[in-house]
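First up is the structure itself, then whatever we jot down about it.
In the numbering used here, the protein residues as written are 30 to 310.
Encoded structure:
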């Protein structure tokens, strides 16, 4: 399984996350789908228009292509500020190549049924050693308009000695293990990691690092995958952070993120309710 990583500065700040998906298995797709020529052309034109708006600083026009749910979760001003900051850091765009288009019809465990289209790109920016990204377009049923439900980016900056190092402020993964099994074994061997099992999930809490690791149940569509919750520093403040290692199709990994967030918040709520109250002063 290829390594998959994402960082969410806020739980649902999915647009600016860094996520690269591994090879897809045949079981990841609910049914075969061969797009008609007009749909393939529509995706190509929508993707080109989206990047034309972003590259030209037309942020309102680009933002309007997102789903209503995503726009409701991510305020326009915050999204525009983050996009401007990242593009200033990346330098001039020299090339962008589309490398793959993958169609998913009603993938299992996706947030909702419908057609998902993942469009992958490799780009060349002046200040980056590597830049990859993908878009995911969605429509609920034939005849509906396609809307952008995700834009994921992985950016690696150039360093003075020529090695690729994470760019300050760019979304990068913080999982130090090469695969899920290695991570699980390493955490099980740590004296400072507290292990619990919750509804089939394996959970490791590392209090000193304020970190929580969630490993998928064996029957989960994304298994084996894992999610790390640990705070990150952004603009001088500590905010919730999330990294994921997932080798399934993008919609399945998106569903995994949402499920992991729900479980993480439930565990926090349970811990808060069971904590002893302070005696009156």
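From the three backbone atoms N, C-alpha and C, an ideal C-beta is built for every residue, glycine too. As the structure is a computational prediction, the values presented were derived from the model and not from experiment.
Exercise for the section: State buried or exposed for residue 76, treating a residue as buried only when at least 16 other CB atoms are found within 10 Å of its CB. Expected result: buried
Handout entry: Spatial neighbours of residue 128 in its chain, beta-carbon cut-off 7 Å, leaving aside the 5 residues before and after
Key = 149, 150 and 151
Practice task
Name, in chain order, the residues that DSSP records as bridge partners for residue 152.
Solution key: Note: residue 152 sits in a beta bridge opposite 125 and 160.
Problem - Selection from 155, 231 and 86 that minimises the alpha carbon distance to residue 118 - result: 155
Handout entry: Start and end residues, alpha helix (DSSP H) containing residue 105
Key = 105-119
Exercise for the section: Below 6 Å CB to CB, which residues in the same chain sit around residue 147 once its five sequence neighbours on both sides are set aside? Expected result: Around residue 147: 131, 163, 165 and 279.
Handout entry: C-beta atoms of residue 185 and residue 158 nearer than 8 Å
Key = yes
Exercise for the section: Take residue 174 as the anchor and find which of 297, 74 and 300 has the nearest alpha-carbon. Expected result: Ranked by how close their Cα comes to the Cα of residue 174, the residues 297, 74 and 300 have 74 in first place.
Exercise for the section: For residue 87, name the three-state secondary structure that DSSP assigns. Expected result: coil
Handout entry: residue 225, DSSP secondary structure in three states
Key = The three-state secondary structure of residue 225, taken from DSSP, is strand.
Problem - Burial state of residue 239 (16 or more Cβ within 10 Å) - result: With fewer than 16 other beta carbons inside 10 angstroms of its own, residue 239 counts as exposed.
Handout entry: Own chain, CB closer than 6 Å to residue 311, minus 5 neighbours either side, in chain order
Key = Given that the chain is displayed from residue 30 to residue 310, the structure contains no residue 311 and the question cannot be resolved.
Problem - Environment of residue 302 [buried if 16+ CB atoms lie within 10 Å] - result: exposed
Practice task
Assuming residue 284 contacts residue 139 (C-beta within less than 8 Å), just tell me the rounded distance between them.
Solution key: 6 Å
Practice task
Give the secondary structure of residue 62 by DSSP, where H, G and I count as helix, E and B as strand, and everything else as coil.
Solution key: coil
Practice task
Measure the alpha-carbon distance for residue 193 versus residue 178 and round it to whole angstroms.
Solution key: Note that residue 193 has pLDDT 39, beneath the 50 cutoff, so the model's placement of it is unreliable and the number below is only indicative. Cα to Cα, residue 193 sits roughly 29 Å from residue 178.
Practice task
Would you list, in sequence order, the uninterrupted beta strand (DSSP E) runs of no fewer than 3 residues that lie entirely inside the region 236-269?
Solution key: Complete beta strand (DSSP E) runs here, min 3: 240-244, 255-258, 261-263 and 266-268.
Practice task
Say whether the region 284-296 touches the region 236-251, bearing in mind that this needs 3 or more beta-carbon pairs closer than 8 Å, one atom from each stretch.
Solution key: yes
Problem - Neighbour flag for residue 66 against chain C, beta carbons, 8 Å - result: Looking at the structure shown, chain C is missing, and only one protein chain is on hand.
Problem - In DSSP terms, what residue 147 is bridged to - result: 131 and 165
Exercise for the section: Select from 114, 84, 143 and 141 the residue whose C-alpha is nearest the C-alpha of residue 125. Expected result: 84
Exercise for the section: Along the beta strand (DSSP E) that carries residue 204, what are the first and last residues, could you check? Expected result: Element bounds for residue 204: n/a, residue is neither H nor E.
Exercise for the section: Name the two residues that bound the continuous beta strand (DSSP E) containing residue 271. Expected result: 271-274
Problem - Cβ pair residue 254, residue 270 closer than 8 Å - result: No; because the gap between Cβ atoms is not below 8 Å, this pair is not in contact.
Problem - Residues sharing a beta bridge with residue 293, DSSP - result: Beta-bridge pairing links residue 293 to no other residue.
Problem - Element boundaries [alpha helix (DSSP H), containing residue 94] - result: Segment: none, residue 94 is in no alpha helix (DSSP H) and carries neither H nor E.
Practice task
Determine the DSSP secondary structure at residue 184, reduced to helix, strand or coil.
Solution key: strand
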